[in-house]
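Quick notes on the structure that follows.
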């Protein structure tokens, strides 16, 4: 494997392990080549798994046209979700566990069976076990955050932490376009949006992901969870504070950040 790719993956791994921002890779942060980004992420994934981290699903990013344009991308990016990043309702996220967090409200899908590319909407919905609301706390180990898709992809698509709402919905009852999201910090609204922000429908995001996974040899399996992209603006986190996510008809969750629950 490319020694430079391995060296960058080593730096990203150390920054994740020791919770600091890398200030020596401005070219990586601005890298526009998604293929090289995926290669670095692949090397980083090997390091994570070797260290004992357990993959449990997939984080999709840049699932709206404005986000694609901002990062100079033609398609979304994909990262790996690990079990040690999953927060439960009632957990607190300590400030020392993250580097440069941004919080988002998203729709989370759980796979029951893996559909084929080109499947109909009905088949896609039937392939899901559940739909939930979720916080994503995106984070980057690159100082100032990546500005292009290659760097963001290399940094495991800026995966940080997530909290799944304790409620879930039968996929047949989910509104993949009209579900609304309100995100508050200490009772003050800081972000609002709808599922339609994600390619017009979260189901379209899922369809893209299934096709992309077959094309790239990504191994999906029953039980995988999928974060499908921000339904509203991502907001830099400040603490101590309590964040609340409300998705009427889908679920809600509360995340204390840097303070007791």
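Residue numbers (the working numbering): 951 to 1211. Note that CB positions come from ideal geometry on N, CA and C, so glycine has one too.
Can you tell me whether residue i is buried or exposed, with buried defined as 16 or more other CB within 10 angstroms of its CB?
{"i": "residue 1082", "result": "buried"}
{"i": "residue 1139", "result": "exposed"}
{"i": "residue 1137", "result": "exposed"}
{"i": "residue 968", "result": "exposed"}
{"i": "residue 1210", "result": "Low local confidence applies: a pLDDT of 48 at residue 1210 is under 50, so the model's placement there is unreliable, and no value is given."}
{"i": "residue 1074", "result": "buried"}
{"i": "residue 999", "result": "exposed"}
{"i": "residue 970", "result": "exposed"}
{"i": "residue 954", "result": "exposed"}
{"i": "residue 1066", "result": "exposed"}
{"i": "residue 1014", "result": "buried"}
{"i": "residue 1179", "result": "buried"}
Starting from the Cα of residue i, find the closest Cα among the options and give me that residue.
{"i": "residue 1196", "options": "997, 1181, 998 and 1187", "result": "1181"}
{"i": "residue 1202", "options": "1007, 1130 and 1066", "result": "1130"}
{"i": "residue 1036", "options": "1160, 1004 and 1179", "result": "1004"}
{"i": "residue 1031", "options": "1013, 1110 and 963", "result": "1110"}
{"i": "residue 960", "options": "1091, 1107, 1143 and 1172", "result": "1091"}
{"i": "residue 1157", "options": "1046, 1047, 1010 and 1093", "result": "1010"}
{"i": "residue 1084", "options": "1038, 990 and 1048", "result": "1038"}
Need the endpoints of the beta strand (DSSP E) that residue i sits in, please.
{"i": "residue 1005", "result": "1005 to 1011"}
{"i": "residue 1141", "result": "1138 to 1144"}
{"i": "residue 1164", "result": "It is not in any beta strand (DSSP E) - residue 1164 instead sits in the alpha helix (DSSP H) that spans 1152 to 1166."}
{"i": "residue 1148", "result": "Counting along the chain, residue 1148 falls outside any beta strand (DSSP E), and DSSP gives it neither H nor E."}
{"i": "residue 1075", "result": "Careful: residue 1075 lies outside any beta strand (DSSP E), inside the alpha helix (DSSP H) at 1071 to 1076."}
{"i": "residue 1042", "result": "Note, residue 1042: premise wrong, no beta strand (DSSP E); not H, not E."}
{"i": "residue 1021", "result": "Premise fails: residue 1021 is in no beta strand (DSSP E) and is neither H nor E."}
{"i": "residue 1096", "result": "Here residue 1096 belongs to no beta strand (DSSP E), and DSSP marks it neither H nor E."}
If you follow the alpha helix (DSSP H) that residue i is part of, which residue opens it and which one closes it?
{"i": "residue 1060", "result": "Unbroken run through residue 1060 is the beta strand (DSSP E), 1052 to 1061; no alpha helix (DSSP H)."}
{"i": "residue 1049", "result": "No alpha helix (DSSP H) contains residue 1049, which DSSP labels as neither H nor E."}
{"i": "residue 1103", "result": "1099 to 1104"}
{"i": "residue 954", "result": "953 to 968"}
{"i": "residue 1179", "result": "That residue, residue 1179, is in no alpha helix (DSSP H); its beta strand (DSSP E) goes 1175 to 1180."}
{"i": "residue 1065", "result": "It is not in any alpha helix (DSSP H) - residue 1065 carries neither H nor E in the DSSP assignment."}
{"i": "residue 1031", "result": "Note, residue 1031: premise wrong, no alpha helix (DSSP H); beta strand (DSSP E) at 1027 to 1032."}
{"i": "residue 1001", "result": "Counting along the chain, residue 1001 falls outside any alpha helix (DSSP H), and DSSP gives it neither H nor E."}
Do residue i and residue j have their C-beta atoms closer together than 8 Å?
{"i": "residue 1133", "j": "residue 1141", "result": "yes"}
{"i": "residue 1076", "j": "residue 1061", "result": "no"}
{"i": "residue 1029", "j": "residue 980", "result": "no"}
{"i": "residue 1184", "j": "residue 1104", "result": "no"}
{"i": "residue 1086", "j": "residue 1054", "result": "yes"}
{"i": "residue 997", "j": "residue 963", "result": "yes"}
{"i": "residue 1052", "j": "residue 1186", "result": "yes"}
Cβ contact check for the segment 1155 to 1166 and the segment 1114 to 1124: 3 or more pairs under 8 Å: no
Contact between the segment 1099 to 1110 and the segment 1016 to 1023 (3+ Cβ pairs under 8 Å): yes
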